[in-house]
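Trainee:
In the working numbering, the protein residues as written are 386 to 659.
1. Identify whether residue 454 lies in helix, strand or coil by the three-state DSSP scheme.
2. Are residue 503 and residue 489 close, meaning C-beta to C-beta below 8 Å?
3. Round the Cβ separation of residue 403 and residue 463 to the nearest angstrom and send it over; I've been treating them as touching at under 8 Å.
4. Spatial neighbours of residue 432 within its chain, please: C-beta separation below 7 Å, excluding the five flanking residues on both sides.
5. How big is the Cα-Cα spacing for residue 467 and residue 435?
6. Just to check, is the beta-carbon of residue 487 closer than 7 Å to a non-hydrogen atom of the ligand ATP?
7. Rounding to the nearest angstrom, what Cα-Cα distance links residue 654 and residue 425 in this structure?
8. Within a Cβ cutoff of 7 Å, which residues of the same chain sit near residue 603, ignoring the five residues on either side of it in sequence?
9. Helix, strand or coil for residue 471? Go by DSSP, reduced to three states.
10. Threshold first: 4 residues or longer. Then list the alpha helix (DSSP H) segments lying entirely within the region 390-433, N to C.
11. For residue 410, which residues of its own chain have a beta-carbon under 6 Å away from its beta-carbon, when the five flanking residues on both sides are left out?
12. When the distance is taken between beta carbons, is residue 460 closer than 8 Å to residue 400?
13. Check whether the region 510-530 touches the region 465-485, taking contact to mean three or more Cβ pairs, one atom from each stretch, closer than 8 Å.
14. Taking the straight line between their C-alpha atoms, what separation do you get for residue 398 and residue 480?
15. Between 609, 484, 618, 594, which has its C-alpha nearest residue 427's C-alpha?
16. Starting from the Cα of residue 458, find the closest Cα among 393, 405, 600 and give me that residue.
17. What separation, rounded to the nearest whole angstrom, lies between the Cα atoms of residue 601 and residue 645?
18. Give me, in chain order, the residues of the same chain whose beta-carbon lies closer than 6 Å to that of residue 546; leave out the 5 immediate sequence neighbours on both sides.
19. For residue 478, does the count of other Cβ atoms within 10 angstroms reach 16, so buried, or fall short, so exposed?
20. With DSSP as the reference, label residue 606 as helix, strand or coil.
21. With residue 535 as the anchor, note down where its alpha helix (DSSP H) starts and where it stops.
22. Taking all protein chains shown into account, do 16 or more other C-beta atoms lie within 10 angstroms of the C-beta of residue 609, making it buried, or fewer, making it exposed?
23. Around the C-beta of residue 438, are 16 or more other C-beta atoms found within 10 angstroms, so that it is buried, or is it exposed?
24. State the Cα-Cα distance for the pair residue 533 and residue 657, rounded to the nearest angstrom.
25. Please report how far the alpha carbon of residue 430 lies from the alpha carbon of residue 423, in whole angstroms.
26. So, helix, strand or coil for residue 640, using DSSP?
27. Taking C-alpha atoms, which residue in 614, 514, 455 lies nearest to residue 652?
28. Comparing C-alpha positions only, which one of 415, 627, 542 sits nearest to residue 736?
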């Protein structure tokens, strides 16, 4: 074991720790076995592209050893080490960043902390914004060909990620509303005033939700059920994510979110209609 790990260079160990840091920021890592295995394959692919084929077994053994450790890798320490890391080889930097991007998007989308880690690494290794945009383009080109995972599976994970994120935001809004009503109920107003307020607040909230839903579909509240269904079909056809695949990942993501809002607006309206 020791002899195997001795073959792993200090620079490779630094890359490994950075990959592990990104993996540990990925939800369900070490919980979802398929996702965990895919991330391992992504790391192997990155080292293969960076020229680490000769000692691949040793590299992967070190990756799994570090990833199994319970302690969190300190980003500040990584930054110090990456700041001292010297290489002018763009090919190496490119594949290093692509490897990090593949791990970051393994569960469908990257979160805020993963974005911060990517930004830190980019700056520490001296990669310009222009060069990074080229790297992102290469990454998405590979992703669409299924290099890291089946692209349909990725799109499903991205949709589920957006759904979870949307529900978290909705839950936050509800908590704020509950807190506001709690404060009101603890005031010195009469019981009847509280009841009337709650009814008024509930009606106002429902009314606002309906207005937003009709606005998303571009319809007025007097639209018929047939008109609502027809508009939903037309909008979903117009904003189908696959139609935007040639316009970049941001356009695809925006179309996906738009499609979700259309479906949610339709469900809100039909719930009230019924």
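Using N, Cα and C, we set each Cβ at its ideal position, and we do this for glycine too.
Mentor: Considering the structure as presented:
1. In the structure shown, residue 454 sits in coil (DSSP, three-state: anything other than H, G, I, E or B).
2. Yes, Cβ-Cβ distance for residue 503 and residue 489 is below 8 Å.
3. For a cut-off of 8 Å, the C-beta gap from residue 403 to residue 463 is around 6 Å, short enough to register as a contact.
4. The residues are 441, 444.
5. Going by the C-alpha atoms only, they are around 16 Å apart.
6. No copy of the ligand ATP occurs in the structure displayed, which carries no ligand at all.
7. Taking the straight line from one Cα to the other gives about 45 Å.
8. Result list for residue 603: 616, in chain order.
9. Here residue 471 sits in coil by DSSP.
10. The alpha helix (DSSP H) runs of length 4 or more contained entirely in the region 390-433 are, from start to end of the chain, 395-409.
11. Shown here for residue 410: same chain residues with a beta carbon closer than 6 Å to its own, the five before and five after excluded, namely 498, 499 in chain order.
12. Taking 8 Å as the Cβ cut-off, residue 400 and residue 460 do not qualify as a contacting pair.
13. With three or more CB-CB distances shorter than 8 Å, the region 510-530 counts as touching the region 465-485.
14. Rounded to the nearest angstrom, the two C-alpha atoms are 16 Å apart.
15. Per the Cα distances, 484.
16. The shortest Cα separation from residue 458 among 393, 405, 600 belongs to 405.
17. Between residue 601 and residue 645, the C-alpha separation is close to 11 Å.
18. Contacts found: 493, 494.
19. Flag for residue 478 reads buried.
20. Three-state DSSP puts residue 606 in coil, outside helix and strand.
21. Per DSSP, residue 535 belongs to no alpha helix (DSSP H) and is neither H nor E.
22. So residue 609 ends up on the exposed side.
23. Looking at its Cβ environment, which holds fewer than 16 other Cβ atoms inside 10 Å, residue 438 is exposed.
24. Roughly 43 Å between the two C-alpha positions.
25. C-alpha of residue 430 to C-alpha of residue 423: approximately 10 Å in a straight line.
26. Helix.
27. Minimum Cα-Cα distance from residue 652 among the listed residues 614, 514, 455 corresponds to 614.
28. Since the first residue of the chain shown is 386 and the last is 659, residue 736 is not available in this structure.
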